[in-house]
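Contents: one structure, followed by commentary.
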Amino acid sequence: MPLKTEPLEEPTLNLASMLDIVMLLLMFFMIGTQFKNQEREYKIQLPTVSDAKALSGQPDELVVNVSRDGVITLNSRQISVAELEQELAKAIQNFPAQSVLIRGDGASPYQNVMEVMSAAKKVGVRNVALAHQPRAQR
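Under the working numbering, the first residue of the sequence shown is numbered 1218, with each subsequent residue one higher.
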């Protein structure tokens, strides 16, 4: 004897709550935009300072590239080891906690990377990192 089963109802999507959230977000962004514009309407002349320094504290890490043939590049500029020492010394003088990232070509002799590391150590760089790529997992 077959059992009587009621037909399953099709699930429906209740859009009322989703529409409420969308409207709240729309109002939030509209009001926030108006406040931002009102702030800029004030006629304020900002003061000038003769000895202004950046508020950000420390810049991003310095990236030193060492190519396959031993060419050292800093800030897209080819430099020697002596020039690298000068640039790093300036950076350490301005920001003592400045970090340096050394990107050495995998086919480059180890000596080339060691010269850059030695220059960083000589001028007092405390945070030196070596860039690498993770091996592909099998």
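All C-beta atoms, glycine included, are put in the ideal place defined by N, C-alpha and C. Quick caveat, the model's predicted, so the values are computed rather than measured.
- The criterion of a C-beta distance shorter than 8 Å is satisfied by V1317 and V1281.
- In the DSSP assignment, G1321 forms a beta bridge with V1283.
- Between the alpha carbons of Q1295 and D1237 lies a distance of about 58 Å.
- Runs of the beta strand (DSSP E) spanning 3 or more residues and lying entirely within the region 1298-1350 occur at 1316-1321 and 1344-1347, in chain order.
- Around the Cβ of I1289, a 10 Å sphere holds 16 or more other Cβ atoms; the residue is buried.
- For L1225, the three-state secondary structure derived from DSSP is coil.
- Going by beta carbons, L1301 and A1336 fall inside the 8 Å limit.
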